[in-house]
Amino acid sequence: MGALLLEIAKPRVQALPPASMARRLVGTDWLAFCYAVYRTGLVAVVYDCLRWHTGSVPEDVLDWLRTQYFQLLARHRCLREEVDRVTTALASRGVPVLLFKGPALDEVAIGAPVRLFSDLDIMVSREDLQTAAGVLGQLGYAPAGGDHPFHLRLVRRDGMFPLMVEVHFDLFDPQRSYFPDVQAIWQRSAQSEVFHSCLVPELTDHLLLVAMQLPQHHWSPRLVVDIGRMVFYRAEQIDWEALAVRARAWGMRSVCGAALHLVASLLDVPLPAAAQAFAQPENYSQRVQWNAAARASADQFFRPYSRLAPLAACLVVDRAEKVPGLVLGQLMRGPGMDSKWDGIRGIARRVFHGAAAVPALGRIMIASLLARPPLRQPVPRVEPSSWS
Numbered sequence: 005m006g007a008l009l010l011e012i013a014k015p016r017v018q019a020l021p022p023a024s025m026a027r028r029l030v031g032t033d034w035l036a037f038c039y040a041v042y043r044t045g046l047v048a049v050v051y052d053c054l055r056w057h058t059g060s061v062p063e064d065v066l067d068w069l070r071t072q073y074f075q076l077l078a079r080h081r082c083l084r085e086e087v088d089r090v091t092t093a094l095a096s097r098g099v100p101v102l103l104f105k106g107p108a109l110d111e112v113a114i115g116a117p118v119r120l121f122s123d124l125d126i127m128v129s130r131e132d133l134q135t136a137a138g139v140l141g142q143l144g145y146a147p148a149g150g151d152h153p154f155h156l157r158l159v160r161r162d163g164m165f166p167l168m169v170e171v172h173f174d175l176f177d178p179q180r181s182y183f184p185d186v187q188a189i190w191q192r193s194a195q196s197e198v199f200h201s202c203l204v205p206e207l208t209d210h211l212l213l214v215a216m217q218l219p220q221h222h223w224s225p226r227l228v229v230d231i232g233r234m235v236f237y238r239a240e241q242i243d244w245e246a247l248a249v250r251a252r253a254w255g256m257r258s259v260c261g262a263a264l265h266l267v268a269s270l271l272d273v274p275l276p277a278a279a280q281a282f283a284q285p286e287n288y289s290q291r292v293q294w295n296a297a298a299r300a301s302a303d304q305f306f307r308p309y310s311r312l313a314p315l316a317a318c319l320v321v322d323r324a325e326k327v328p329g330l331v332l333g334q335l336m337r338g339p340g341m342d343s344k345w346d347g348i349r350g351i352a353r354r355v356f357h358g359a360a361a362v363p364a365l366g367r368i369m370i371a372s373l374l375a376r377p378p379l380r381q382p383v384p385r386v387e388p389s390s391w392s
């Protein structure tokens, strides 16, 4: 089922002739496929593809996909309205707002009918943080989650479902030494054309900020698909030279290079010539990082949990000395918040859980000694307007 899901996740899938897609659907275990779709958060992408193949997809499967899609659409519209409500209220108090991550991807027009996101991420200046917290308090939000080094987390629980807003005043990741230039991001931002009263990052900055989330989300297929679509649809508008310069300056050369290589090799996204060199690893350490990230992401298309994904989240950093601390922190936290990860038994479970990834990591390290991971050659671009 993973192979079919991966094929549908590729941006070029809409260009396939109907007969070709129909052949791919023959013999599908639809129960396992629906579980994989739900688990990876790719419901909208899958429904948008399969709704045109009613003769090849069982009716009950299409009904399930349709139900999931419209539930997602309703939540998405509710969150979009909340974005407008929050940003308008902040603007009325003279607080500039920069919208990024989940909802801001609507601004990028990456071909997805609707995206799954669970919270709202906005950024304000440090000077405006207290004012922003007061405004959100008047809108029904209350602090949640304690102190955090770069954002304030607030939750409103009086609606159809809990709504969380993360008010960022910085964007750094001290564990991985990612340090985006926040002042420059503000200066390059532009007025949103989709949402009221807020700014959105310049496209190249936006791509970097999405890539920055990959390790935190264990190289999630949903984020990989987002990046693949950004590159596929907007490659001509991305400043690739600036992206390379900013990634190195922000300590994100490895994660951005691995992300571009991943979407090219896994999702068949053609990279422009200006991005080809940046997407290639420069040394053995980066070959290990690239291969670990690719394996961790690909695993999640095919199985419920990738043992390698938590370790891959610790490996893809520019500063190798950060890796031991990241791995230790990952082992101490465990992959979930369930009570089974608490106490002495939880510590043992976490250690064995991490050790289970060692064989796969060892194979990657040996393979990386032999050759760098292959990068697919650019393929002829199919313009969306020509799709049938």
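Numbering (the numbering used here), first residue to last: 5 to 392. For glycine and all other residues, C-beta sits at the position ideal for the given N, C-alpha and C.
Spatial neighbours of residue 318 within its chain, please: C-beta separation below 7 Å, excluding the five flanking residues on both sides.
Walking along the sequence shown from the start, residue 318 turns up at place 314. Once the five neighbours on either side are set aside, the close Cβ partners of residue 318 are 327, 330, 331, 334.
Identify, in the order they occur along the chain, each residue of the same chain with its Cβ nearer than 6 Å to the Cβ of residue 293, setting aside the five sequence neighbours on each side.
Here residue 293 is taken as the residue at index 289 of the sequence shown, counted from 1. These residues qualify, in order along the chain: 258, 262, 319, 320.
When you compare the region 58-73 with the region 25-35, are there three or more beta-carbon pairs, one atom per stretch, that lie closer than 8 Å?
They touch, by the three-pair rule.
Spatial neighbours of residue 227 within its chain, please: CB distance less than 8 Å, with the 5 preceding and 5 following residues excluded, ordered by chain position.
Here residue 227 refers to the residue found at position 223 when the sequence shown is read from its first residue. Excluding sequence neighbours, residue 227 sits near 214, 217, 218, 221.
Could you give the uninterrupted runs of the alpha helix (DSSP H) lying entirely in the region 162-240, keeping only those of 4 residues or more?
Listed in chain order, they are 186-192, 207-216, 225-238.
Confirm, please, whether the CB-CB distance from residue 173 to residue 199 is below 8 Å.
Translated into the one-based positions of the sequence shown, residue 199 becomes position 195. Translated into the one-based positions of the sequence shown, residue 173 becomes position 169. Taking 8 Å as the Cβ cut-off, residue 199 and residue 173 do not qualify as a contacting pair.
Tell me, please, whether the region 272-283 touches the region 244-252 by the rule of three or more beta-carbon pairs shorter than 8 Å.
Yes, the region 272-283 touches the region 244-252.
If you follow the alpha helix (DSSP H) that residue 124 is in, where does it begin and where does it stop?
Position 120 of the sequence shown, counted from the first residue, corresponds to residue 124. No alpha helix (DSSP H) holds residue 124; the beta strand (DSSP E) holding it covers 124-127.
Is it buried or exposed, residue 206, if we count other Cβ atoms within 10 angstroms and call 16 or more buried?
Residue numbering aside, residue 206 sits at position 202 when the sequence shown is read from its first letter. Buried.
Determine contact between the region 178-196 and the region 95-110, defined as no fewer than three beta-carbon pairs at a distance below 8 Å.
Because the criterion of three Cβ pairs below 8 Å is met, the region 178-196 and the region 95-110 touch.
Less than 7 Å between C-beta atoms, sequence neighbours within five positions excluded: which residues of the same chain meet that for residue 69?
Position 65 of the sequence shown, counting from 1, holds the residue named residue 69. 47, 50, 51, 54, listed in sequence order.
Whose C-beta lies closer than 8 Å to the C-beta of residue 3 among residues of the same chain, with five residues either side of it excluded?
Residue 3 falls outside the range modelled here, since the chain spans only 5 to 392, and no answer is possible.
How is residue 159 classed by DSSP in three states: helix, strand or coil?
In the sequence shown, counting from the first residue as 1, residue 159 sits at position 155. Looking at residue 159 - three-state DSSP - the assignment turns out to be strand.
Who does residue 77 pair with in a DSSP beta bridge?
The residue given as residue 77 occupies position 73 in the sequence shown. Paired residues: none, contrary to the question.
Hey, quick one: how far does the alpha helix (DSSP H) through residue 305 stretch, first residue to last?
To locate residue 305, count along the sequence shown from 1; it is residue 301. Start and end: 288-306.
What does the Cβ neighbour count give for residue 201, buried or exposed, with the cut at 16 atoms within 10 Å?
For the purposes of this step, residue 201 is identified with residue 197 of the sequence shown, where counting begins at 1. Answer is buried; the Cβ neighbour count reaches 16.
Could you check how far apart the C-beta atoms of residue 283 and residue 268 are, in whole angstroms? I think they sit under 8 Å.
Sequence index remark: in the sequence shown, residue 283 carries index 279 (1-based). Sequence index remark: in the sequence shown, residue 268 carries index 264 (1-based). Indeed they touch by this definition, with Cβ atoms about 6 Å apart.
Would DSSP call residue 103 helix, strand or coil?
Numbered from 1 along the sequence shown, position 99 holds the residue referred to as residue 103. Residue 103: strand per DSSP, three-state reduction.
Buried or exposed for residue 136, please, with buried defined as at least 16 other CB atoms from any protein chain shown within 10 angstroms of its CB.
Locating residue 136 in the sequence shown gives position 132, where the first residue counts as 1. When all chains shown are included, residue 136 counts as buried.
Can you tell me whether DSSP reads residue 36 as helix, strand or coil?
What you label residue 36 is simply residue 32 of the sequence shown in a count that begins at 1. It is helical.
State the Cα-Cα distance for the pair residue 21 and residue 56, rounded to the nearest angstrom.
Walking along the sequence shown from the start, residue 21 turns up at place 17. Walking along the sequence shown from the start, residue 56 turns up at place 52. Each residue's alpha carbon lies about 11 Å from the other.
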